[in-house]
Amino acid sequence: SPTIITSLKEIMVEMMAGDIAIDEGLSEEEAKEYARDMMPDDGPKLYCVTNESKINGAANMFNENVQKMVADKLGGDYFILPSSVHEVLVLSKHEEIEPEELQSMVRSVNANCLSSEDFLSNQIYQYDAKEHKLSICGPERERKQEHGVEKMMNPAMVVMEESKQYETKQPEQTHEPMKHGGRGR
């Protein structure tokens with residue numbers, strides 16, 4: 139399924155717009171404008187990478203063409219934060235954020251907000267746009283213990299296995315993390 143790259147800000151705008159349209163009596167477009175104005179412009183620009191169905195979309199990140207596409211959109215090297223088996227977050231290395239900070243953010247979200255079947259990885263990755271190379275981010279010592287590429291590809295393998303299981307499940311069990319009907323909040 140085709141890859142979708144959306145800024146986290148736009149995803150938040152989409153989620154908020156439903157409520158705003160109802161509360162303020164605005165059209166969908168007006169509600170989105172309203173939501174955009176409410177969102178702060180400072181802070182790191184995170185993008186979400188998934189597939190069209192938003193199911194097992196993290197696997198798309200292991201496609202070399204997708205890696206290059208993201209590098210083009212972000213203007214060079216970037217970090218990859220595993221969000222869940224359904225999507226990953228990407229962040230340009232031009233943003234002033236230390237990998238350690240990103241690492242602890244990922245661990246915290248994984249521990250507190252993610253169900254075990256959606257868990258992808260606690261590791262953050264980095265992509266080198268010149269070398270076209272994806273690698274685990276972390277101290278050299280840790281990286282040697284990771285046994286190179288086989289270990290790094292594990293999350294992708296997990297996702298592939300999960301997608302096989304998904305095909306046998308009923309459609310109403312699909313997981314759509316980014317949609318929100320705008321009622322009952």
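All residue numbers for the sequence shown refer to our numbering, where the first residue is 139 and numbers rise by one. Each residue gets a CB set at the ideal place from its N, CA and C atoms; glycine is no exception. Here the structure is a predicted model, which means the values were calculated and not measured.
Whole-angstrom distance between residue j and residue i, CA atom to CA atom
| i | j | result |
| --- | --- | --- |
| K243 | N260 | As written in the sequence, residue 243 is Met, which differs from the Lys given in the question. Roughly 10 angstroms between the two C-alpha positions. |
| H176 | G163 | Checking the sequence shown, residue 176 turns out to be Met, not His. Between M176 and G163, the C-alpha separation is close to 17 angstroms. |
| P140 | L227 | 17 angstroms |
| M150 | Y263 | 24 angstroms |
| E97 | L252 | This structure leaves residue 97 out entirely; the chain is present only between 139 and 323. |
| K231 | E269 | 15 angstroms |
| G156 | E166 | 7 angstroms |
Three-state class that DSSP yields for residue i in the structure shown
| i | result |
| --- | --- |
| Q205 | helix |
| L272 | strand |
| G156 | helix |
| S254 | helix |
| I143 | strand |
| D266 | strand |
Reference residue i, options the options, closest by Cα
| i | options | result |
| --- | --- | --- |
| L258 | D210, Y265, V247, N203 | V247 |
| L146 | S221, I158, D210, I274 | S221 |
| Y216 | T144, M153, E148, A267 | A267 |
Inset, instruction - Go through the stretch 190-252 residue by residue and report every complete run of the beta strand (DSSP E) that reaches 3 residues or more, in order. - result: As summarised for the stretch 190-252, the continuous beta strand (DSSP E) elements at least 3 residues long and confined to that stretch are 216-222, 225-230, given in chain order.
Inset, instruction - Assess, as a yes-or-no matter, whether the stretch 179-193 is touched by the stretch 216-236 under the definition of 3 or more beta carbon pairs within less than 8 angstroms. - result: Output reads yes: the stretch 179-193 touches the stretch 216-236.
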